[in-house]
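Everything in the sequence shown is counted per the UniProt record's numbering, starting at 1 for the first residue and increasing by one. Cβ atoms here follow ideal geometry from the backbone N, Cα and C, with glycine treated the same way. Owing to the predicted nature of the structure, the values given are computational and were not obtained by experimental measurement. Note sheet for the following structure.
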Amino acid sequence: MQIEKQAILNSNKKAEFSLTDEQLKFILAPKNRDIKVTACAGSGKTECALQFIKSAIDEGQDPRNICITTFNIQASVDMKKRAIQLLGKKNANKIEIINFDKIIFKLYKQIKKIKSNINNEFINNNKNNYQKQVIDITLVEKQFEVYINLQDLSFTKYFQSKKLVVFDEFQDINQLHYDILMLFKKVGNSVLVVLGDEAQNIYEFRGSNFKYLNQIVEDVNRENKKIYSNEDYNMLEFKLTTNFRCSSKITDFANDIIRYFKTIKSNNMISFEDLNSGKEIKKCDIKPSLIAYPKPFNLVQDIIIQIRELIKNNSFSYKDFAIISPTTFTLFQVELFLQRHNYFEPETEIPFWSFIGKSRDFGYKYEYQADKIMILTGHKSKGLQWKVVFEVGMEDNLFPLSFTRKVEDGQDYLNKVEESKRLFYVMSTRASQFLYISYISHNNKDQLQYYACRFLNAIDKNKINFIGYAGIQPDMENSTSINTQELQSLYQIFEIILKKIH
1 MQIEKQAILN SNKKAEFSLT DEQLKFILAP KNRDIKVTAC AGSGKTECAL QFIKSAIDEG
61 QDPRNICITT FNIQASVDMK KRAIQLLGKK NANKIEIINF DKIIFKLYKQ IKKIKSNINN
121 EFINNNKNNY QKQVIDITLV EKQFEVYINL QDLSFTKYFQ SKKLVVFDEF QDINQLHYDI
181 LMLFKKVGNS VLVVLGDEAQ NIYEFRGSNF KYLNQIVEDV NRENKKIYSN EDYNMLEFKL
241 TTNFRCSSKI TDFANDIIRY FKTIKSNNMI SFEDLNSGKE IKKCDIKPSL IAYPKPFNLV
301 QDIIIQIREL IKNNSFSYKD FAIISPTTFT LFQVELFLQR HNYFEPETEI PFWSFIGKSR
361 DFGYKYEYQA DKIMILTGHK SKGLQWKVVF EVGMEDNLFP LSFTRKVEDG QDYLNKVEES
421 KRLFYVMSTR ASQFLYISYI SHNNKDQLQY YACRFLNAID KNKINFIGYA GIQPDMENST
481 SINTQELQSL YQIFEIILKK IH
């Protein structure tokens with residue numbers, strides 16, 4: 001064990017930070033045991049997962065029997081590149097590194113061969129789209145669901161071929177994904193390793209639920225009892241609580257958001273800046289800022305000025321900046337003003353790439369790596385990071401009210417509010433050094449006063465740098481019932497904004 005630990009430490013020598021005890025416990029865990037890893041934002045879980053796989057291969061695991069899966073193409077492409085760097089091209093190419101939709105489609109094609117009553121034209125009609133990654137995967141899932149318990153040998157062969165299955169971003173899983181994953185255990189007796197963070201579950205609108213992070217422990221333990229009888233093969237659980245991305249100031253800010261959650265209990269994070277690692281670390285002693293602007297134009301104008309100053313004085317590149325919003329409403333305004341700026345002042349052009357209305361994976365290979373500012377929603381920012389993040393559109397009448405305005409049932413409303421809090425957490429932890437949160441404070445034409453998002457009430461005011469402060473919307477969550485009259489008055493403000501768009 002000591003020799004293996006030293007080998008892992010040696011392979012990590014080029015990294016900026018040493019592996020923590022938490023990370024080493026996971027990496028060196030028995031490779032014949034199912035594992036659940038709860039990992040905070042910026043915890044290096046992907047690197048740890050690859051180190052775990054390297055350790056498994058070093059112990060004799062055949063890489064052809066290993067599958068690493070996650071939810072999007074971008075993440076699987078990045079995983080493949082990092083696997084090649086750590087494991088070498090030969091071993092990395094033997095491992096199946098694949099996004100989960102491809103697994104579903106692969107199984108669907110096998111089902112099609114078995115059952116003639118499935119629409120034979122579906123695959124042919126969607127062949128080109130499949131290669132472009134724009135298949136209607138929902139249709140595939142629906143047709144697959146009918147045959148999820150099929151016991152045909154040609155169908156079960158795939159599940160039996162994988163002895164180790166690693167599932168990243170597990171908190172985003174839905175019921176069908178979960179059922180398919182459990183077939184690896186039930187049919188193939190595979191070792192399952194899942195990594196996730198319930199605080200980053202922001203896709204409930206498409207059926208994902210962080211409950212599976214807890215449910216899998218119970219279900220795997222039940223299956224293992226059938227297989228191993230009286231032997232103790234319960235799922236092992238590990239936690240990664242060090243944030244290697246965010247500064248101490250941003251981490252403290254995000255920890256206050258975590259404490260604000262009502263439906264989950266996540267551990268507080270520790271910033272890498274606060275580690276007693278023996279290495280000299282230059283701290284970024286800048287608190288997140290909350291900035292009020294009188295007009296959207298002033299917001300974009302200030303963003304342009306700040307970007308220029310940081311590039312000029314701190315050796316930043318355009319790709320170090322992102323403009324993120326929970327909704328597209330403000331992003332469209334930002335994009336419009338930037339386009340106008342570049343048209344009228346071409347000598348000081350600000351290059352940017354807008355992901356508004358585009359697939360997260362669209363153009364990633366070429367555009368994401370370009371030296372451009374990114375403009376994208378909070379949902380599309382997940383899994384990414386920048387040195388500087390401008391979090392815009394944080395008026396309370398836009399966020400969270402644009403997410404909750406159509407929800408009538410009390411519990412559904414509270415669930416949507418909690419999901420919105422998690423989105424706020426995800427957006428805020430994309431920044432490593434500078435976090436600027438902004439909102440428009442008023443509308444002169446209609447004499448409307450706007451307030452900052454109510455979620456900011458959860459943050460210790462000593463952790464925020466207030467600029468042009470105009471107020472935070474009072475938190476109305478203390479009651480479990482919805483005050484319809486109060487909400488309706490707030491919705492009317494949003495209706496006025498919508499009318500101005502059209």
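* Are the segment 169-188 and the segment 84-91 touching by the rule of at least three beta carbon pairs closer than 8 Å? -> no
* To do: Could you check the C-alpha separation between N415 and F272 for me, to the nearest Å?
  => 32 Å
* DSSP three-state assignment for V217, whether helix, strand or coil -> helix
* How would you label I227, buried or exposed, when you count the other beta carbons within 10 angstroms and need 16 or more for buried? -> exposed
* Report the rounded CA-to-CA distance for W386 versus M374, giving the unit in angstroms. => 9 Å
* First and last residue of the uninterrupted alpha helix (DSSP H) at A92 -> K89 to K94
* To do: With a threshold of 16 other CB atoms inside 10 Å of the CB of S315, please say whether the residue is buried or exposed.
  => exposed
* To do: Specify the secondary structure class of M182 as computed by DSSP and reduced to three states.
  => helix
* Asked: Can you check whether the CB of P288 is closer than 8 Å to the CB of I440?
  -> no
* Taking the alpha-carbon positions, what's the T20 to I305 distance? -> 39 Å
* To do: Assign V187 to one of three DSSP states: helix, strand, or coil.
  => coil
* Asked: Can you tell me where the alpha helix (DSSP H) with N313 in it begins and where it stops?
  -> P296 to N314
* Could you check the C-alpha separation between F52 and D252 for me, to the nearest Å? => 29 Å
* To do: Please determine, among K262, F71 and N230, the residue with the shortest C-alpha to C-alpha distance to Q411.
  => K262
* Name the two residues that bound the continuous beta strand (DSSP E) containing A292. => S289 to Y293
* **Range of the contiguous beta strand (DSSP E) that encloses E391** => W386 to E391
* Asked: Taking the runs of the beta strand (DSSP E) that are 3 residues or longer, which of them lie wholly in the UniProt domain "UvrD-like helicase C-terminal" (369-441)?
  -> 373-377, 386-391 and 431-440
* To do: Measure the CB-CB distance between I98 and H379 and report whether it falls below 8 Å.
  => no
* **Short Cβ contact (8 Å threshold) for Q473 with R454** => yes
* Just checking my contact of D256 with A458 at CB under 8 Å: how many whole Å lie between their CB atoms? -> 5 Å
* Where Y178 and S402 are concerned, what is the direct C-alpha to C-alpha distance, given to the nearest angstrom? -> 30 Å
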